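Numbering (this note's numbering), first residue to last: -16 to 119.
No residue lacks a Cβ here, since even glycine has one placed at the ideal position from N, Cα and C.
These numbers were taken from a predicted model, which means no experiment stands behind them.
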Amino acid sequence: MMDDFQIDARRWRFLDNPARYIERETGGLQVEPLARQFKTAKEILSRLVGGRGVLLADDVGLGKTTVGALVAWVVACQDKRVRIYAPNEVLRRRWAEELERHVPLLEQLGASYDRIKQGDVGKLNAGRIQIATHHA
-16 MMDDFQIDAR
-6 RWRFLDNPAR
4 YIERETGGLQ
14 VEPLARQFKT
24 AKEILSRLVG
34 GRGVLLADDV
44 GLGKTTVGAL
54 VAWVVACQDK
64 RVRIYAPNEV
74 LRRRWAEELE
84 RHVPLLEQLG
94 ASYDRIKQGD
104 VGKLNAGRIQ
114 IATHHA
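What follows is the structure in structure tokens.
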């Protein structure tokens, strides 16, 4: 149930200033994030805290994975669990790459490579992001 989902809004203040985040980018991000992606991530986090769900859908190539990665990092860095199901191995690897690209930029928040777990859909510890396929 989402009633007990609480995260500190101060921890996602970086979403208010996408230009600064992009400025700090050191070449790790393949595609430069857009301001609208940060706005969407903030809206999703606000909805989650408010106990509402969200469905993120758009055309191919418009940044849904980036938005999802930003949200996942904010949640995981507050010792919550995040599980991402990808439909196949190609997209599982794509999610892993996207999450890894943000680690250097979000280290202050607590992002680290060891928070990302791939494959096994077993127990998921607090503060971790698990990426699996429906076949794992």
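Residue i - DSSP class collapsed to helix/strand/coil
i: residue 55; result: helix
i: residue 27; result: helix
i: residue 109; result: coil
i: residue 18; result: helix
i: residue -15; result: Note that residue -15 scores 49 on pLDDT, short of 50, meaning its location in the model is unreliable and no value can be drawn from it.
Segment limits, alpha helix (DSSP H) that includes residue i
i: residue 77; result: 72 to 85
i: residue 189; result: Here the chain comprises residues numbered -16 to 119, so residue 189 is not present and cannot be evaluated.
For residue j and residue i, the rounded distance between their alpha carbons
i: residue 93; j: residue 0; result: 18 Å
i: residue 38; j: residue 81; result: 19 Å
i: residue 17; j: residue 85; result: 14 Å
i: residue 123; j: residue 26; result: Because the chain spans -16 through 119 in this model, residue 123 falls outside it and cannot be assessed.
i: residue 49; j: residue 19; result: 11 Å
i: residue 43; j: residue -9; result: 31 Å
i: residue 30; j: residue 21; result: 14 Å
i: residue 88; j: residue 112; result: 17 Å
i: residue 95; j: residue 40; result: 27 Å
i: residue 79; j: residue -5; result: 21 Å
i: residue -3; j: residue 53; result: 10 Å
i: residue 33; j: residue 55; result: 17 Å
i: residue 74; j: residue 67; result: 10 Å
i: residue 51; j: residue 28; result: 10 Å
i: residue 91; j: residue 36; result: 27 Å
i: residue 98; j: residue -11; result: 20 Å
Rounded Cβ spacing between residue i and residue j (contact assumed at less than 8 Å)
i: residue 62; j: residue 110; result: 4 Å
i: residue 107; j: residue 64; result: 5 Å
i: residue 69; j: residue 23; result: Wrong, their Cβ atoms sit about 20 Å apart, outside the cutoff.
Residue i: first and last residue of the uninterrupted beta strand (DSSP E) it sits in
i: residue 63; result: Element bounds for residue 63: n/a, residue is neither H nor E.
i: residue 101; result: 99 to 101
7 Å Cβ cutoff, residue i in contact with chain C
i: residue 117; result: Among the chains of the structure shown, chain C does not appear; only one protein chain is present.
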